[in-house]
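Read top to bottom, the protein sequences are chains A and B. The first sequence begins at 1 in the numbering used here and counts up one residue at a time. The second sequence begins at 299 in the numbering used here and counts up one residue at a time. We put the CB at the ideal spot given by N, CA and C, even for glycine. Small disclaimer: the values here were computed from a predicted structure and weren't measured. What follows is a single structure, written as structure tokens, with notes after it.
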Amino acid sequence: MSDSSSSLREQSYEALGPANTLWRDAFRRLLRHHLAMFGAFVLLIVVVMGLFGPAITPYDPNGMDFSDRFANPSLDHWMGTDDFGRDIFSRIIIGARVSLQVGFVAVSVATIVGVSLGLIAGYSTRLTDEVIMRAMDVLYAFPAILLAIAIMAALGKGIGNAMIAIGIVYIPIFARIARAAVLGIRNEEFIIAAQAMGAGDIRILLTHILPNVLSPIIVEITLSLAFAILAEAALSFFGLGTQPPDPSWGRMLSEGRDFFRQSGWMGVFPGLAIFFTVMGFNFLGDGLRDALDPKLRR
Amino acid sequence: MNYQYVLQRLLSAIVVVLGVTIVVFIIVQIVPGDPARVMLGPYASDEAVLGLRERLGLDRPILEQYILWLGRAARGDLGQSLLNGQEVAAQLWGRIGPSFELAMVSLAIGLAIAFPIGMISALKPGSVIDVLATLFSQIGVSVPTFWMGILLVIVVSLNLGLLPPSGYTPLAEDPGDWLAHIILPAFTAGFVSASIQTRFIRSAMLDVLNANYVQTARAKGLAERAVVVNHALRNALINIVTIIGLQITALFSGIVIVEVVFSWPGLGRLALNAVEERDYPLLQGAVLVVAVMVTMVNLFVDLLYFLLDPRIEYV
């Protein structure tokens with residue numbers, strides 16, 4: 001009897017397929033999502049630029065050539081030169097690293113802190129939940145860029161502080177998503193079973209709840225990368241992020257503002273670089289959302 | 299009427315405003331080293347630094363500093379600007395109007411773009427218009443606001459000479475000139491928020507079109523036009539209020555950027571100038587006023603939504 005029941009169980013497990021079918025199915029759906037694939041392709045180019053930047057720039061990104069200022073795009077300078085005769089294409093390649101760095105560090109800060117707070121809020125007592133979520137409401141009351149400016153005013157200019165500022169600004173989004181996801185599953189049978197078996201709160205949060213709320217968090221990470229890159233560009237445009245002579249896309253737009261009448265290209269290419277990178281993350285994020293939760297698709 | 303909802307929403311707004319004051323107060327407290335030294339710069343004398351510390355109350359315990367600051371702020375006293383010695387509150391007062399005008403015109407432009415696109419794309423799902431609308435919403439949200447502003451200045455103002463590239467004229471002084479100055483900045487902020495609103499409106503309209511009462515209206519033989527105009531549209535209109543509520547904070551974020559690009563004399567530009575000049579009382583005042591404004595608009599929107607749809611409850 002016991003032999004036949006265990007073989008039946010094995011057969012039914014086999015029928016279910018490998019344990020990671022959910023993720024494999026999602027990945028297959030993602031591969032069929034044209035816009036997401038286009039986004040991933042654009043991001044691949046940006047990541048290559050970020051990783052191998054110094055090795056692939058045709059010119060020194062900070063090298064000046066006053067005899068060749070405001071050059072139009074040509075075979076020598078694909079995107080022209082700026083007011084110091086610096087090659088815009090080389091500076092855009094190096095700028096990719098800054099954007100990606102800021103994006104990834106800021107979103108990591110926001111994800112780690114925000115998801116932790118959201119998990120705790122969703123799983124603990126009403127009082128803890130109230131305190132955490134009202135604090136998140138407070139951060140949410142500030143327009144994102146204004147809060148980032150205020151934090152940078154206190155911490156000081158520079159790329160490191162920009163990462164912290166942008167990270168803090170996006171904490172409430174992750175806290176809200178994680179909390180909502182926890183509330184949706186905290187009374188499920190598998191959680192109650194784990195509690196009944198004596199599992200501690202931290203173990204339940206990390207091994208039972210977190211894996212089940214990952215989908216919306218992954219989607220939000222991708223979309224937040226887009227917003228973080230936009231925010232970094234805006235802060236650098238205001239002169240608060242990357243400091244000269246290091247190139248960043250936002251800073252290039254800010255430096256070129258006075259010369260757009262002479263050379264419109266100085267205003268076009270850095271903006272296009274920001275636009276395509278942000279679009280890449282948005283397309284990929286939307287594709288991930290459709291792939292991970294096909295019911296949401298409209 | 300569910301007055302408990304109104305009361306809870308009011309209490310929640312008060313808690314948020316109190317929290318906002320704590321965050322704004324902390325801005326000066328987290329300045330690395332001596333905030334008075336940072337504000338006055340490295341060449342200031344020790345006497346000057348000491349004087350500023352006393353003037354701002356930085357030598358007192360932190361809780362006492364906060365309570366004193368909050369008490370003064372509640373009476374409308376936000377201190378003096380370190381740069382020109384003027385009352386911060388007086389300087390902010392002159393900037394609220396331009397910022398608010400820009401926000402409202404941007405919102406109107408955003409809705410004027412998003413509403414028809416979102417509606418048509420929901421009425422004809424899968425059509426060419428729907429695909430274009432989806433692309434618009436995804437591409438629009440990726441455009442950096444300041445870049446779009448710069449491009450518009452280059453093309454519309456510098457090359458075509460159609461509209462002024464920057465500046466502001468008060469509405470009461472010359473409405474025509476006010477309009478000429480506000481179009482480009484409001485369009486810039488409105489365009490980006492329109493791309494997000496389009497998605498919300500499409501989604502809201504699809505929900506309404508799939509609702510039972512719309513199916514019933516169709517089943518009883520009403521013309522499609524009557525179904526859409528009398529049944530679907532009327533209910534979807536309520537969602538505009540929700541969309542405004544969801545968008546208001548993001549809209550003000552865009553406004554801050556636009557004010558800098560177009561030299562618009564609003565609170566956002568004032569805040570950035572304050573950062574450049576290390577004028578912390580002025581920065582604190584500007585950030586506080588914007589955050590309180592956003593909280594109040596959100597409260598107003600929530601209460602308005604409650605009036606339109608009394609079924610909602612406080613969660």
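- Looking at the DSSP output, Glu471(B) shares a beta bridge with no other residue.
- Note that the C-beta distance between Glu557(B) and Gly566(B) is below 8 angstroms.
- When only Cα atoms are considered, Trp78(A) and Ile92(A) end up about 11 angstroms apart.
- Restricting attention to Pro216(A), Leu155(A) and Ala199(A), the CA atom closest to the CA of Ile177(A) is found in Pro216(A).
- Within the model, the alpha-carbon separation for Leu210(A) versus Thr111(A) is close to 12 angstroms.
- One alpha carbon belongs to Phe560(B), the other to Asn533(B), and they sit about 38 angstroms apart.
- When secondary structure is reduced to three states using DSSP, Glu575(B) falls in the coil class, being assigned neither helix nor strand.
- Counting only Cβ-Cβ distances below 8 angstroms, Ala569(B) has contacts in chain A at Leu146, Ile149 and Ala150, in chain order.
- Taking a Cβ-Cβ threshold of 9 angstroms, the residues of chain A close to Ser440(B) are Ala226, Leu230, Ile274, Phe275, Phe276, Thr277, Val278, Met279, Gly280, Phe281, Asn282 and Phe283, in chain order.
- When the alpha-carbon of Val554(B) is set against those of Leu531(B), Thr496(B) and Thr486(B), the nearest one is in Thr486(B).
- Look at the segment 54-88 of chain A: it has no residue with a C-beta under 8 angstroms from a C-beta of chain B.
- The residues Arg307 and Gly543, in chain order, have a CB closer than 7 angstroms to that of Asp600(B) in the same chain once the five nearest residues on each side in sequence are set aside.
- Thr593(B) sits in a helix when the DSSP states are folded into three classes.
- As the crow flies, the alpha-carbon of Gly424(B) is around 45 angstroms from that of Val131(A).
- Using a Cβ-Cβ distance cut-off of 8 angstroms, the segment 256-274 of chain A and the segment 192-209 of chain A are not in contact, since fewer than three pairs of beta carbons, one from each stretch, lie closer than that value.
- With a 10 Å radius around the Cβ and a threshold of 16 neighbouring Cβ atoms, Tyr170(A) comes out buried.
- Within the DSSP bridge table, the entry for Glu385(B) names Gln378(B) as partners.
- Between the beta-carbon of Pro172(A) and that of Gly114(A) there is about 7 angstroms, and that keeps the pair under the 8 angstroms contact cut.
- A Cβ-Cβ distance of about 4 angstroms is found for the pair Ala228(A) and Gly103(A), placing them in contact under the 8 angstroms criterion.
- Taking a beta-carbon distance threshold of 8 angstroms, Val599(B) does not count as an interface residue toward chain A.
- Within the same chain, Pro247, Ser248 and Trp249 come within 6 angstroms of Gly95(A) by CB-CB distance, once the 5 residues on both sides are set aside.
- What Pro330(B) touches in chain A, judged by beta-carbon distance under 9 angstroms, is Ala154, Leu155 and Gly156, going in chain order.
- Chain A has a Cβ within less than 8 angstroms of the Cβ of Ser551(B).
- Around the beta carbon of Asn596(B), 16 or more other beta carbons lie within 10 angstroms, which makes this residue buried.
- Its chain contains Pro333 and Tyr578 as the residues whose beta carbon lies nearer than 6 angstroms to that of Val326(B), once the 5 sequence neighbours on both sides are disregarded; these appear in chain order.
- Within the segment 243-255 of chain A, contact with chain B at the beta-carbon level (separation under 9 angstroms) is assigned to Trp249, Gly250, Leu253 and Ser254.
- Under the three-state reduction of DSSP, Asp82(A) is assigned to coil, being neither helix nor strand.
- Beta-bridge pairing by DSSP links Asp87(A) to Thr81(A).
- Contacts with chain B at 8 angstroms (Cβ-Cβ) include Ala141(A).
- Taking 8 angstroms as the CB threshold, Trp562(B) stays off the interface with chain A.
- When rounded, the separation of the alpha-carbon atoms in Pro61(A) and Pro244(A) is 12 angstroms.
- Residues of the same chain with a CB within less than 6 angstroms of the CB of Leu117(A), apart from the 5 flanking positions on each side, are Ile132 and Ala175 in chain order.
- Around Val138(A), the beta-carbon contacts reaching into chain B at under 7 angstroms are Val314, Gly317, Val318 and Val321.
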